[in-house]
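Residue numbers (UniProt numbering): 1 to 634. See below for the structure under consideration.
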């Protein structure tokens, strides 16, 4: 509905929050306009039916019709019999009961609009991380109170309260101001840390249809996702450019578990079979929540380099204030580049479908890496919606117990940027602010190095590449969310493909180009247009093996395509993003000539790369039914 509107270029609201609150205001204004139209039409119809003169039923004399709003003559000393207003006078559009009801409806709509404006103020204040303090509440009172006072004054008049009574009630103006100030203060406090996202109906909070709402006050009374347990609350690896020998180890810490709320952890690791431990100090990425969140999150990343391939390493996290014998030992196995497997999919979320997929399918498959093509938790890039990403990580079975090492084995997560991670659609022109409150995607998932080190949040790119020796090179691209597809990104892709000596090349991005669904919105159309002009020619020229596309929430497998024609030298396009999100309608699909299979269903892909130079691709639905199987030689 609002795809063509200009985006507010501020950190106060994302594209989706802006359109949501704008929709609420538009609905209320529409209701008010319809109320006015109803009132006017009722009066016009009544006057059309009413004759220009009425015959008094008692005397038989003709009397002139009173105009709308004219006082009866009896109130000015006239004849009370002929001019007394009658409640059910035929055709009259301003009888006392109807007029009173319509005015009450009008004021109710006005109050609804004022309430929406008040909530809008609270949401924007909360999103911009202003503390819920005296000054904010006072500012809100000055801004909102005059409107409420006028509405209340009008409401009293409609209830036929005499002017003298209204004048006497005005002595209560000071208590009324105090009550409204308490309301302003408490509402700002309540709305602080406001989060609105979609596809999170299994996440604690208020869920209405596909929308999920929570505030800092509500989250404070829920079970914490990062409790004080004298150990990291979330641990997961991601990959830098050299995915064969290096790894990012990311872990989250509640600073309350550290001495004086100051943590100084270290990461220790050891190759299984060795007797010595190596120690490395991680880089801290402090992730502040609003003041009213009552807590703070510290995210650490350790870049561990020069690991031996096809080897298992033990990892542990130490801090001087931690004395927890239950602290977990983690293990990580580097890749065997001749025989490994990848789990592939996109559009996960926290709906029941994602829970079922993870429980019934992901937990039963063996894999060495997970590649997700965006929209991991549908947090919309809102920092206060961090719990959506927490629940995504806690429910994703990327970790499992390893009996051989008595540890929790973890596999790396590699994630392409989606529109619900960035908080904007493709090519909408939204400004992405470079502050410590950048979207959660950047805070949680470092996937590139800068000068061989862990990058700061503002240095983390939205497109990157990784190598497993000369066996596999993976490209994670940005379909126009933070970076345009054309220009610098295409030049970067061209340079890396031209220099690549990898036997297998894979690309993953969110918005589809070789899509199975007919996209009509302007942002999606631009992805298809620029993709066909900029990326597909490079895929064809440099023999891209497999491309993973997402976003449309359908299942597909294409033929091997070269210049959009079937060819043994072509690229296979898999997708199209329905790990945990299932569409109930039947989206219009394109000509199936490009596709071997196409279906509306949840799915993930399991890719096995074997030693005999074969790729075995299998697709499963959320009930672990195999949807498709294909084998490719490389």
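No residue lacks a Cβ here, since even glycine has one placed at the ideal position from N, Cα and C.
Coarse secondary structure for residue 602, derived from DSSP in three states: As a position in the chain shown, residue 602 is number 602, starting the count at 1. The answer is coil: DSSP assigns residue 602 none of H, G, I, E or B.
Looking only at its chain, what residues have a beta carbon closer than 7 Å to the beta carbon of residue 405, apart from the 5 residues adjacent to it on each side? Position 405 of the chain shown holds residue 405. Within the same chain, residue 405 has close Cβ partners 272, 312, 314, 331.
Leaving out the 5 sequence neighbours to the left and right, which residues in its chain are closer than 8 Å to residue 627 when beta-carbon positions are compared? The residue labelled residue 627 in the question sits at position 627 within the chain shown. So the qualifying residues of the chain are 555, 597, 599, 601, 603, 619, 620, 621.
Neighbour-count burial assignment, residue 129, 16 or more Cβ in a 10 Å radius: Position 129 of the chain shown, counted from the start, is the residue given in the question as residue 129. Caution applies to residue 129, whose pLDDT of 43 falls short of 50 and renders its modelled position unreliable; the model cannot decide the point.
May I have the straight-line CA-CA distance separating residue 244 from residue 341, to the nearest angstrom? As a position in the chain shown, residue 244 is number 244, starting the count at 1. As a position in the chain shown, residue 341 is number 341, starting the count at 1. Whole-angstrom Cα-Cα distance: 14 Å.
Member of 420, 492, 513 whose CA lies at the smallest distance from the CA of residue 481: Translated into positions along the chain shown, residue 481 becomes position 481. The residue with the shortest Cα to Cα distance from residue 481 is 420.
Tell me the rounded alpha-carbon separation between residue 425 and residue 438. Sequence index remark: in the chain shown, residue 425 carries index 425 (1-based). Sequence index remark: in the chain shown, residue 438 carries index 438 (1-based). Looking at the backbone, the Cα of residue 425 and that of residue 438 are separated by about 16 Å.
Unbroken alpha helix (DSSP H) run spanning residue 389, endpoints: Within the chain shown, the letter at position 389 stands for residue 389. Residues 386-395.
Does the Cβ-Cβ distance between residue 552 and residue 527 come in under 7 Å? The residue you call residue 552 lines up with position 552 of the chain shown. The residue you call residue 527 lines up with position 527 of the chain shown. For residue 552 and residue 527, no; Cβs fall outside 7 Å.
Candidates 471, 498, 415, 182, of which the one nearest residue 464 by Cα: For the purposes of this step, residue 464 is identified with residue 464 of the chain shown, where counting begins at 1. The shortest Cα separation from residue 464 among 471, 498, 415, 182 belongs to 415.
Can you name, in chain order, every residue of its own chain whose Cβ lies under 6 Å from the Cβ of residue 632, other than the five neighbours on each side? By 1-based counting over the chain shown, the position of residue 632 is 632. Non-local beta-carbon contacts of residue 632 in its own chain, meaning distances under 6 Å to residues more than five positions away in sequence, involve 615 in chain order.
Tell me whether residue 394 is buried or exposed, calling it buried when 16 or more other Cβ atoms sit within 10 Å of its Cβ. As a working mapping, residue 394 is identified with position 394 in the chain shown. The residue is exposed, with fewer than 16 neighbouring Cβ atoms inside 10 Å.
Suppose you measure from the CA of residue 433 to the CA of residue 362; what does that come to, to the nearest Å? The count along the chain shown starts at 1 and reaches residue 433 at position 433. The count along the chain shown starts at 1 and reaches residue 362 at position 362. Low per-residue confidence applies at residue 433: pLDDT is 49, beneath 50, and the placement is therefore not dependable, though the value from the model is reported in the following sentence. One C-alpha to the other measures close to 35 Å.
Runs of 3 residues minimum, wholly inside the segment 475-509: which ones carry the beta strand (DSSP E) assignment? 504-508
Relative to the C-alpha of residue 339, which candidate in 612, 484, 507 has its C-alpha closest? Counting from one through the chain shown, the residue named residue 339 turns up at place 339. With distances taken between Cα atoms, residue 339 lies closest to 612.
Give the range of the beta strand (DSSP E) segment to which residue 237 is assigned. One-based indexing of the chain shown puts residue 237 at position 237. Segment 234-238, the beta strand (DSSP E) holding residue 237.
Reduced DSSP secondary structure (H/G/I, E/B, other) of residue 351: Numbered from its first residue, the chain shown carries residue 351 at position 351. Looking at residue 351 - three-state DSSP - the assignment turns out to be coil, as it is neither helix nor strand.
Could you tell me how far apart the beta carbons of residue 659 and residue 548 are, in whole angstroms, since I believe they sit closer than 8 Å? No statement about residue 659 is possible, as the shown extent of the chain runs from 1 to 634 and does not include it.
Can you check DSSP and say which residues form a bridge with residue 571? By one-based count along the chain shown, residue 571 stands at place 571. According to DSSP, which records beta bridges pairwise, residue 571 is partnered with 561.
Three-state secondary structure assigned by DSSP to residue 616: To locate residue 616, count along the chain shown from 1; it is residue 616. Reduced to three states, the DSSP call for residue 616 is strand.
Assigned secondary structure, residue 449 (DSSP; H/G/I helix, E/B strand, else coil): Your numbering for residue 449 matches position 449 in the chain shown. Secondary structure of residue 449 (DSSP, three-state): coil.
Assess, as a yes-or-no matter, whether the segment 206-226 is touched by the segment 379-396 under the definition of 3 or more beta carbon pairs within less than 8 Å. yes
Nearest neighbour of residue 544, chosen from 470, 559, 506 [CA to CA]: Position 544 of the chain shown, counted from the first residue, corresponds to residue 544. Nearest C-alpha to residue 544: 506.
Report yes or no: do three or more beta-carbon pairs, one from the segment 347-367 and one from the segment 571-586, lie closer than 8 Å? yes
Taking just the CA atoms, how far does residue 384 sit from residue 617? Here residue 617 is taken as the residue at index 617 of the chain shown, counted from 1. Here residue 384 is taken as the residue at index 384 of the chain shown, counted from 1. In a straight line, the C-alpha of residue 617 is about 38 Å away from that of residue 384.
What separation, rounded to the nearest whole angstrom, lies between the Cα atoms of residue 369 and residue 256? Taking the first residue of the chain shown as 1, we reach residue 369 at position 369. Taking the first residue of the chain shown as 1, we reach residue 256 at position 256. Distance between the alpha carbons of residue 369 and residue 256: 32 Å.
Take residue 274 and list the residues in its own chain whose beta-carbon comes closer than 6 Å to its own, dropping the five residues that flank it on each side. Here residue 274 refers to the residue found at position 274 of the chain shown. Cβ neighbours of residue 274 beyond the five flanking positions: none.
Taking the alpha-carbon of residue 453 as reference, which of 224, 443, 372, 241 has the nearest alpha-carbon? Here residue 453 corresponds to residue number 453 of the chain shown, with the count starting at 1. If we check each option's Cα against that of residue 453, 241 comes out closest.
Can the beta-carbon of residue 472 be found less than 7 Å from the beta-carbon of residue 538? Start at 1 with the first residue of the chain shown, and residue 472 comes out as number 472. Start at 1 with the first residue of the chain shown, and residue 538 comes out as number 538. It is not a contact, given that the beta carbons lie outside the stated cut-off.
Would DSSP call residue 283 helix, strand or coil? The residue labelled residue 283 in the question sits at position 283 within the chain shown. Strand.
Check the C-beta distance from residue 269 over to residue 235 and give it rounded, since I have them as a contact under 8 Å. What you label residue 269 is simply residue 269 of the chain shown in a count that begins at 1. What you label residue 235 is simply residue 235 of the chain shown in a count that begins at 1. Actually they are not in contact, since the Cβ atoms of residue 269 and residue 235 sit about 13 Å apart, beyond 8 Å.
Can you say whether residue 610 is buried or exposed, counting buried as having 16 or more other CB atoms within 10 angstroms of its CB? For the purposes of this step, residue 610 is taken as residue 610 along the chain shown, with counting starting at 1. That one is exposed.
Run through DSSP, which three-state label would residue 631 get? As a working note, residue 631 is residue 631 in the chain shown. In this structure, residue 631 counts as strand in the three-state DSSP scheme.
What residues are listed by DSSP as bridge partners for residue 611? Position 611 of the chain shown, counting from 1, holds the residue named residue 611. Answer by DSSP bridge pairing: none, since residue 611 is not bridged.
Considering only their Cβ atoms, is the gap separating residue 634 from residue 504 smaller than 7 Å? Your numbering for residue 504 matches position 504 in the chain shown. Your numbering for residue 634 matches position 634 in the chain shown. Yes, these two residues count as a Cβ contact at 7 Å.
Kindly identify the DSSP beta-bridge partner or partners of residue 263. Here residue 263 is taken as the residue at index 263 of the chain shown, counted from 1. Paired residues: none, contrary to the question.
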